[in-house]
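Numbering-wise, the sequence shown is residues 1104 to 1712 according to the numbering used here. Each residue gets a CB set at the ideal place from its N, CA and C atoms; glycine is no exception. Remember, it's a predicted structure, so these values are computed and weren't measured experimentally. Please read the structure below before turning to the comments.
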Amino acid sequence: MGNILKDVYLNLDSSKNQFEVDKNDTKWLDFNFNAGSNYYFSRNSSLGGAAVSLEVLEKMGLETKVAGSNLKLSNGELIDPDNSAEIYRYILISDSKASYLVPSKEKTTDFVPPAESVDYLYIDRSANLDLNAVKKIETYLELSEKTKLILYLNTSNIYNLKPLFPRAELFVLEENGTESEKTYALELKQTHPSRIIKVSESKFSYQNISENISPTRIDISTHLSLYSIGAATIIGGFILGNSVEESLKMARVNVENSKLDAVMELLELKDVASNLEPTENLELIAANLLLPKKGILAADESGGSIKKKFAKLNIPDTYDNRRDYRNIFFTTEGLEQYVNGVILFDETARQFADNGQNFVDYLTSKRIIPGIKVDQGLELFPDSLEKYTKGLDGLSERLHEYYNLGLRFAKWRAAFEVHVSDSDKVLTPTESAIEENCRILSEYAKECQAANIVPIVEPEVVYDSYYSIEKSAEVTGNILDCLFEKLREANVNLKACILKVNMILAGKQFRVQSTPEEVGQKTAEVLKAHVPEDLAGVVFLSGGQTVEQATENLAEVEKNRPFPWPVTFSFARALQDPALYAWAGDNTNYDAAREAFKARLIANTEVLP
Ligand code: 13P
């Protein structure tokens, strides 16, 4: 909803010498300027304000209505049967600069509730709502629970719109760099960082991902149109389930290539956007996987691991059951509040959510970054009891396919079993097993970055057998030293690379088990001593710790801050196991399973800084 405006463009012809120049070289219209004469050579008018949002969203294929108006798009043309544009804005263009004449007192917008319930209510930039109208909107939203609210905020409307904040799913925040803008937006940025789309005259952004814009047509680049087109396109992109990068790119394409009285159609937008240089920066994707107060869900157990898990509960290991199991996690309400990303297994990346959307697109539409396990399991070294990780063959082709499927990060696990002699000497992992696995990890990471995918490198010291916490620290430290040496040799950009690692604790069968305080302290010590500062971040696997143990230990690690990088969880078992037991292969237990999962998400995010 918003006001329908009429924008009148007056293109002043500076060559006609109708300007006076002052001592600062600023041109002023000649005192004798007469709008009725030929001092301007064109006079275009177009519908602006809410009409722009309607046109953008309709052309993206979304059925749209401006509340209380009959404005519609017909054969690509905006038709305003009631001639409802009551506000005229004059835009003076001269020497490629624009200035605006806007009414000093804008018409207030009344809220006319839609006759039928709507999926989204977007309060557009042009809306000028008084508290009375805001009250009406609140009442409407109370009755129409399913309607999602999107608010466009700038300095002039934010105070009146505040009562609607708790109900808003997304905010578009207009940034103009002024002090008052910074202050009003501060609180919102702190409380709802993942609900904010930012628009400014030079950039559109969402969290750490942004797209610079440089519209070439002066009428589009007037701030009036640029914000409206940009915001509506990003919102349309999000509603349609496009990734953040795609939505921002489409907005850039729309403001850079549209004509004001004919913005672009969805297919055209997608086409041009897909041919833009990938501005999406691997470092930013990595940073977005590590945003505060959230973790990464590892839902990437291989076929073999799932089979074993299901067998324990007599769940038939079928394609449908595996889908139903994964579906529990992905469709848990509010998942996006707890995780930045989800790691999938190849089969899952090709399966579908209940609404028919493929899981990758489904997660993307919740602005959760989907990733993929790309290693192909463990294999014994010849004549050895130690293992290496397979999967380098054909990796580059697979990564390109995954990128095209919409996957933006990958994971590769190397596993190291610790065996210690009676005289407390480390027998395994041997130096050569460490070398070779770290070399493979670095090759994998290099291939990922070449394919525009952020690598998670996961060397796991397996939490089993008989070894002390000191041995765990020693072995993990050696592995990390070797790993980062190999990554540097391979020229892997560490700022676009994430380490997934075990916590430091005594083996499961060791006579003295580690306390959470010891785990926290030793883990922090090892990380600080062996992980370079320029890495994007560190995430933990749970490694077979009990659900409570993993959370308690994570909490203790976090107490040893500060770290030079974000540190969070990327658990599989410690997040999923209670849900697996609650579900037990029976979809009538879905609610209980989701609740069990959510309890773990809450518990683990609560301990994060
Ligand atoms: P766990 O948390 O169950 O150890 O799994 C994490 C993981 O991704 C192992 O590769």
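Any non-hydrogen atom of the ligand 13P within 8 angstroms of residue i CB
i, result
"R1516", "yes"
"S1575", "no"
"F1674", "yes"
"I1446", "yes"
"S1645", "yes"
"E1219", "no"
"Y1561", "The sequence given here places Glu at residue 1561; Tyr does not occur at that position. For the ligand 13P, at least one heavy atom lies less than 8 angstroms from the Cβ of E1561."
"A1153", "no"
"K1603", "yes"
"A1513", "no"
"A1452", "no"
"D1403", "yes"
"A1677", "yes"
Assumed close pair residue i, residue j - CB separation to whole angstroms, cut-off 8 angstroms
i, j, result
"N1714", "T1579", "Not covered by the structure: residue 1714. The range shown for the chain is 1104 to 1712."
"F1519", "I1582", "6 angstroms"
"V1641", "W1668", "6 angstroms"
"L1495", "C1551", "Their Cβ separation, rounded to whole angstroms, is 12 angstroms, which puts L1495 and C1551 out of contact at 8 angstroms."
"R1270", "L1252", "5 angstroms"
"K1109", "A1188", "4 angstroms"
"E1359", "I1300", "Contact doesn't hold; Cβ gap of about 18 angstroms is too wide."
"V1059", "L1267", "Here the chain has residues from 1104 to 1712 only, and residue 1059 is not among them."
Among the options, the one whose alpha carbon lies nearest that of residue i
i, options, result
"Y1223", "F1519, V1302, I1338, F1700", "I1338"
"F1700", "N1430, A1536, E1180, E1245", "N1430"
"D1689", "D1496, V1523, K1476, D1420", "D1420"
"L1244", "E1219, L1530, N1315, S1317", "E1219"
"G1340", "K1109, D1364, L1273, Q1552", "L1273"
"S1377", "S1408, A1365, E1348, P1395", "E1348"
"T1654", "N1707, A1639, A1682", "N1707"
"R1425", "T1451, K1415, N1443", "T1451"
"A1677", "E1404, T1467, Q1616", "E1404"
"S1207", "Y1191, V1221, D1213", "Y1191"
"A1548", "I1601, V1565, P1532", "I1601"
"N1178", "L1329, D1125, D1364", "D1364"
"P1665", "Y1684, E1698, L1711", "L1711"
"Q1460", "P1395, L1343, G1646, L1590", "L1343"
"A1389", "F1214, V1557, S1202, E1209", "V1557"
Beta-carbon gap between residue i and residue j smaller than 9 angstroms
i, j, result
"A1335", "L1160", "yes"
"Y1491", "I1543", "yes"
"E1620", "I1607", "no"
"L1393", "M1163", "no"
"L1385", "V1356", "no"
"V1111", "I1332", "no"
"L1264", "V1302", "no"
"N1417", "I1312", "no"
"Y1505", "V1477", "yes"
"P1681", "V1650", "yes"
"L1195", "L1181", "no"
"S1487", "V1521", "no"
"V1463", "L1498", "no"
"L1510", "P1473", "yes"
"S1568", "F1613", "yes"
"N1656", "V1634", "no"
Closer than 9 angstroms to chain B by CB, residue i
i, result
"R1501", "The displayed structure is made up of one protein chain only, and chain B is not part of it."
I'd like the ranges of any alpha helix (DSSP H) spanning at least 4 consecutive residues and lying wholly in the region 1363 to 1417.
1369 to 1377, 1385 to 1391, 1406 to 1415
Minimum length 3: unbroken beta strand (DSSP E) runs contained in the region 1166 to 1247
1175 to 1177, 1180 to 1182, 1190 to 1197, 1200 to 1204, 1223 to 1226
Can you check the region 1639 to 1710 for any beta strand (DSSP E) of at least 3 residues that lies completely inside it and give the ranges in chain order?
1640 to 1643, 1670 to 1672
3 or more residues per run - each beta strand (DSSP E) lying fully within the region 1464 to 1529
1472 to 1476, 1481 to 1483, 1490 to 1492, 1512 to 1519
Would you mind listing the alpha helix (DSSP H) stretches within the region 1589 to 1646 that are 4+ residues and don't spill past its ends, in chain order?
1619 to 1633
Quick one: which unbroken alpha helix (DSSP H) runs of 4-plus residues sit fully inside the region 1248 to 1285? Chain order, please.
1261 to 1264
Which complete beta strand (DSSP E) runs does the region 1528 to 1578 hold, if anything under 3 residues is left out?
1529 to 1531, 1557 to 1564
Entirely enclosed alpha helix (DSSP H) segments - the region 1313 to 1348, minimum 4 residues
1321 to 1324, 1326 to 1342
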